Amino acid sequence: MFVGSDVEEIAATKTVEQLRELRTKLLGKKSRLSQDLAGLTKLPPDQRRAEGERLNRRKRELEAAFDERERALAVGQLDTALERERVDVTLPGRPLRVGRHHPITATIRELTRVFTGMGFEAVEGPEVEWDYYNFEVLNIPRDHPAREKYASLWVSNPLGDDPQRPMLLRTHTSPMQARIMERRKPPVRVIVPGRCFRYEATDPTHESIFFQFEGLAIDDRLTMADLKGVLYSFARQMFGGDRKIRFRNDYFPFVEPGADVAVDCFVCDGKGCRTCGHSGWIELLGAGMVHPNVLRAVGYDPDRYQGFAFGGGVERLSQLRQGVPDLRAFQQNDVRWLSAFGQVS
Ligand code: DAH
Numbered sequence: 003m004f005v006g007s008d009v010e011e012i013a014a015t016k017t018v019e020q021l022r023e024l025r026t027k028l029l030g031k032k033s034r035l036s037q038d039l040a041g042l043t044k045l046p047p048d049q050r051r052a053e054g055e056r057l058n059r060r061k062r063e064l065e066a067a068f069d070e071r072e073r074a075l076a077v078g079q080l081d082t083a084l085e086r087e088r089v090d091v092t093l094p095g096r097p098l099r100v101g102r103h104h105p106i107t108a109t110i111r112e113l114t115r116v117f118t119g120m121g122f123e124a125v126e127g128p129e130v131e132w133d134y135y136n137f138e139v140l141n142i143p144r145d146h147p148a149r150e151k152y153a154s155l156w157v158s159n160p161l162g163d164d165p166q167r168p169m170l171l172r173t174h175t176s177p178m179q180a181r182i183m184e185r186r187k188p189p190v191r192v193i194v195p196g197r198c199f200r201y202e203a204t205d206p207t208h209e210s211i212f213f214q215f216e217g218l219a220i221d222d223r224l225t226m227a228d229l230k231g232v233l234y235s236f237a238r239q240m241f242g243g244d245r246k247i248r249f250r251n252d253y254f255p256f257v258e259p260g261a262d263v264a265v266d267c268f269v270c271d272g273k274g275c276r277t278c279g280h281s282g283w284i285e286l287l288g289a290g291m292v293h294p295n296v297l298r299a300v301g302y303d304p305d306r307y308q309g310f311a312f313g314g315g316v317e318r319l320s321q322l323r324q325g326v327p328d329l330r331a332f333q334q335n336d337v338r339w340l341s342a343f344g345q346v347s
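Start counting the sequence shown at 3; every next residue gets the next number (our numbering).
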């Protein structure tokens with residue numbers, strides 16, 4: 003037996019697999035060495051001891067050689083892996099694709115920032131709404147002509163339709179006025195952005211899905227001057243410090259008096275241009291003092307509390323601020339449009 007040449011063979015293995023095979027061959031159950039060790043009992047007692055010592059020494063030598071080679075191979079593998087996976091820190095980085103906020107999201111965040119800065123709290127409400135909140139409680143009873151303005155999408159109630167309690171996709175964010183007042187005591191100051199729906203044919207200025215923002219403030223000494231102050235500040239923060247606002251009488255069943263609110267055109271400074279339709283003014287919102295009938299319907303005493311409400315279109319704000327001509331683009335999810343008009347936050 004030439005232990006020396008076996009040890010050399012072990013040292014010459016190139017891979018962990020080779021080494022494992024060689025270990026089975028030299029030390030496994032069927033190896034010569036194992037058989038010799040098993041055959042020791044058959045030797046005459048006077049030879050057994052010396053032969054036993056010799057075989058065991060050989061076994062230890064081989065085991066030591068295997069262990070040493072195993073360590074060396076492991077280190078070698080690590081070195082090659084490190085070499086192969088080396089990171090070249092001098093290479094220029096790959097650019098990250100940064101997503102953008104949809105213009106509607108960006109506008110909602112911006113207007114929410116403006117109103118929360120004035121003490122309003124942002125809340126959201128359900129898109130599927132009861133007729134009661136969308137119309138009834140807002141002083142628009144079932145046969146009221148104002149309902150015609152809101153071409154509604156009625157939905158059937160998954161729990162069974164009740165003709166007394168119809169359901170629809172909300173046509174405006176105003177239903178949240180009553181939902182909030184029912185749950186809270188004055189003072190109330192909320193801003194409610196959200197998706198609304200109307201049964202409309204789609205064209206460059208109409209969409210059946212669109213966003214509104216609703217404002218509501220109720221307290222015991224609020225007047226129309228407060229409404230004007232809040233909207234004046236809003237207009238200047240959204241469209242620049244030189245802006246003026248205009249209130250004109252308008253009718254909405256849930257406010258009295260009601261107004262349409264316009265801002266002087268920030269493109270032509272009120273002289274008249276395409277953006278403002280040559281009128282010098284851009285209509286932004288409907289607004290007014292909350293109607294006593296609405297206050298009563300939610301259990302507020304109109305002799306003790308008053309307040310104002312306003313509501314406007316989010317896309318319209320976004321269109322004006324960013325010069326988007328076609329309303330339909332907001333719902334089309336065209337990535338090219340989104341990367342042009344979307345905003346990096
Ligand atoms: N909800 C109305 C609409 O969609 C807008 C509106 C007008 C909201 C007057 C108000 C308001 O809060 O006071 O046409």
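All C-beta atoms in this analysis are idealised placements derived from N, C-alpha and C, irrespective of residue type, glycine included.
Just so it is clear, the structure is predicted and the values come from calculations on it, not from any experiment.
Taking C-beta atoms as the reference points, Tyr302 and Ile193 fail to come closer than 8 Å. Annotation: Gln214 to Glu85 spans about 59 Å, alpha carbon to alpha carbon.
Counting C-beta pairs closer than 8 Å gives three or more between the stretch 305-325 and the stretch 223-231, which meets the contact rule. As DSSP reads the structure, Gly309 sits in a beta bridge with Ile220. Comparing alpha carbon positions, the residue from Arg318, Val346 and Ala237 closest to Asp266 is Ala237.
Of all alpha-carbon atoms in Leu229, His146, Ile211 and Ala153, the one lying nearest the alpha-carbon of Phe254 is that of His146. Spanning the alpha carbons of Gln166 and Cys198 requires a straight line of approximately 23 Å.
Taking the CA atoms as reference points, Asp328 sits about 19 Å from Ile110. Following the DSSP letters along the chain, one finds Val100 in no beta strand (DSSP E), marked with neither H nor E.
Relative to the non-hydrogen atoms of the ligand DAH, the Cβ of Gln308 never comes closer than 7 Å to any of them.
Per DSSP, Arg167 lies in no beta strand (DSSP E) segment and is marked neither H nor E.
When Cβ pairs closer than 8 Å are counted between the two stretches, the stretch 116-129 is seen not to touch the stretch 142-158, the count staying below three. When Val346, Val316 and Ser347 are compared, the shortest CA-CA separation from Phe332 is found for Val316. Residue pairing by DSSP places Cys198 opposite Phe212 in a beta bridge. According to the DSSP secondary-structure assignment, Ile284 is paired through a beta bridge with Val265. With a contact defined as Cβ atoms closer than 8 Å, Val263 and Ile247 qualify at about 6 Å. Between Ser281 and Gly288, the beta carbon gap of about 18 Å keeps them out of contact (Cβ cut-off 8 Å). If you draw a straight line from the Cα of Lys61 to the Cα of Ser36, it is about 9 Å long.
Distances from the CB of Phe254 to the heavy atoms of the ligand DAH include at least one below 7 Å. DSSP, reduced to helix, strand and coil, places Asn251 within a strand of the structure shown. If one requires a minimum length of 4 residues, the alpha helix (DSSP H) runs lying completely within the stretch 85-139 are 105-118 and 133-136, in chain order. DSSP places Leu29 in the helix class (H, G or I) of the three-state scheme.
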